[in-house]
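Here's the structure we're looking at; comments come further down.
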Ligand code: FES
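Right, dumping it as structure tokens:
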């Protein structure tokens, strides 16, 4: 495991997303209202690119005609067949225990600490006065 | 079973590393409706501008049901240069034909194709335009692709004339792989009003494809108009069962033993039980239809193929194998439905260990046989 600097925080404002490659693995990184999430970019169904999916809310109904809409922007719909994934855990909505995509913790760290500590920054040059997104993988 | 995806470095998919496939259901479309104008006479260009596209269905302002994704397409299939998914041949090559090693792609234009228009004369003119457009803009530029002759199917004589035009022109004929119909027609497809289409297809030496959807004007299920898109999706199997039963029982296959029919995008696992029922009832009710001289299942076994997408996905893949074996590994034609949202990925769609010959039949050889492209 190593820590990888994947982007400047300033380059990924709320509502945006990016696709990064860490150790050869494609990871989709999302900024949802200031919180950062990383998901392995292949849908476990047939491999759709999750980075292209739409972020929606969690729509549930206890009975026909009565629904709730919660967790706005935290459910990712695959761009192909629309399977839904919890952006916090990578678990699918329909079969959470068996069908999931790996989720990665994305941390915000100051450039100062990164310059001192061990990290890998293949493509992102780090300076002390910026903040960065870091994935452990 | 744990289906959590193991991570693998993303290997660049090169055509050589992938099995060559045929894709029997690709949907090209135009960027703008005006792109079709050059293929229409001035009279019909004006009609299009004045009245727009009117289908033989209620809910005239668009599809009767919402789609699973915008424009019914994969969200990643919008071309970088803009326009509707499926309008850009170069992007189709880069996103689909090249990485998935498609050696033979059958074009099934749907949106729009002229099929199912309420105005029959406009349907005739528009189908003709779409046939010329496919050749000019797609198959002339990409040899892996073959076009479908779309026809104004409610008018059998006009449909036959269009098939004869395409097949009789040595410049056009090599571009076409099949005659295309839609599954929802004014009457079930065994009805004699459609027989001129089958006769013309035989003259042209082409199979007849029947793609799910269409605009027959009747409710889309035998039980009336349902409420949800998922009911429409599931209902395609029901519609195809009805049209296939009609073709068998009315004697289409008996009358035209060389006719080949491909059912497109309506599933396949329903076929065995339908044939069991038909055979059983035929034995009891044979006197009603003396023109049928063989078991219904025998006609289907010899003259019908089915495309695979959207594949049935039983939790236990062994059940999928069983269903395929009941139908026959030689009867299924792999299809992706690119760029539509329920696309099937060839590398993931068949979760079975199968013999190499069966895999090749499923992905390529059956299509080459049906479409005569060996
Ligand atoms: S590939 Fe994601 S839902 Fe099918």
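Chains as they are written, first to last, in this note's numbering: chain A, 2 to 138; chain B, 463 to 836.
Where is the CB? At the ideal position from N, CA and C, for every residue including glycine.
Computed from a prediction, not measured in an experiment: that's the story for all the values here.
Taking 7 Å as the threshold, the shortest C-beta distance from residue 85/A to chain B does not fall below it.
By the rule that beta-carbons nearer than 7 Å mark a contact, residue 5/A does not touch chain B. The alpha-carbon of residue 116/A is positioned some 18 Å away from that of residue 107/A.
For residue 506/B, the uninterrupted alpha helix (DSSP H) segment begins and ends at 504–513. According to the DSSP assignment, residue 27/A belongs to the beta strand (DSSP E) that extends over 26–33. For the set 539/B, 570/B, 728/B, the Cα lying nearest the Cα of residue 612/B is the one of 570/B. Taken atom to atom, the span from the alpha-carbon of residue 566/B to that of residue 834/B is near 11 Å. Listed along the chain, the chain B residues whose CB falls inside 8 Å of the CB of residue 54/A are 537.
A Cβ-Cβ contact shorter than 7 Å links residue 769/B with residue 726/B.
Chain order gives the chain B residues near residue 47/A as 805, 806, 807, 809, 810, 811, where near means a beta carbon separation below 9 Å. Counting along the chain, the unbroken beta strand (DSSP E) around residue 486/B starts and ends at 483–488.
Across the structure, residue 800/B and residue 119/A are spaced so that their CA atoms are roughly 45 Å apart.
Not one heavy atom of the ligand FES sits closer than 6 Å to the Cβ of residue 673/B. When distances are taken from the beta-carbon of residue 84/A to the heavy atoms of the ligand FES, the shortest one is below 6 Å.
About 6 Å separates the beta carbons of residue 50/A and residue 538/B, which is inside the 8 Å limit, making them a contact pair. Closest in C-alpha terms to residue 130/A, from the list 110/A, 96/A, 137/A, 29/A, comes 110/A. With contacts defined by Cβ atoms closer than 7 Å, residue 767/B and residue 724/B form a contacting pair.
Within 6 Å of the C-beta of residue 558/B there is not a single heavy atom belonging to the ligand FES. Look at the region 87–113 of chain A: the residues with a C-beta under 7 Å from a C-beta of chain B are 99, 100, 101, 102, 103. Listed by position along chain B, the residues whose Cβ is nearer than 8 Å to that of residue 50/A are 538.
DSSP assignment within the region 643–720 of chain B yields the following whole alpha helix (DSSP H) runs of 4 residues or more, N-terminal first: 657–666, 691–711, 714–717. Neighbourhood of residue 530/B in chain A, by CB distance below 8 Å: 82, 83, in chain order. Residue 793/B and residue 487/B have their C-alpha atoms roughly 15 Å apart.
The criterion of a C-beta distance shorter than 7 Å is satisfied by residue 757/B and residue 741/B. Nearest neighbour of residue 629/B by Cα position, chosen from 663/B, 614/B, 615/B, 658/B, turns out to be 663/B. CA-to-CA, the gap between residue 511/B and residue 599/B works out to about 22 Å.
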